[in-house]
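Okay, so here's the structure we're looking at.
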């Protein structure tokens, strides 16, 4: 029973450490040949958004909205891949040789 409680505490600590590592990792997403750039952490938190001046004109509103959505989705997909990789690493470390089965 105590062994299981110890393993649970160890798993919680490893998850906390993973979240801290993921907060330090940043990934980028771009759209419109770099006209919109988004930076996201491995925890999927948006850190920055850059928009080219040419997109700030009134007649570019629809294009700007489309490019922001595209850049965000690209950055979030990269962050998701980073997060999944980190979680597999943590799970593999906790489960030993069985971690590769998941």
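Residue numbers (the working numbering): 1 to 102.
Cβ atoms here follow ideal geometry from the backbone N, Cα and C, with glycine treated the same way.
Per DSSP, residue 57 lies in no beta strand (DSSP E) and is assigned neither H nor E. The beta carbons of residue 75 and residue 28 sit closer together than 9 Å. Of all alpha-carbon atoms in 67, 33, 44 and 58, the one lying nearest the alpha-carbon of residue 84 is that of 44.
Runs of the beta strand (DSSP E) spanning 3 or more residues and lying entirely within the segment 6 to 66 occur at 26 to 31, 36 to 41 and 46 to 51, in chain order. Note on geometry: alpha-carbon atoms of residue 68 and residue 6 lie some 45 Å from one another. Taking C-beta atoms as the reference points, residue 49 and residue 36 count as a pair closer than 9 Å. Each of 30, 24 and 33 was checked against the Cα of residue 42, and the nearest Cα belongs to 24. Pairing residue 17 with residue 59, the inter-Cα distance amounts to about 46 Å.
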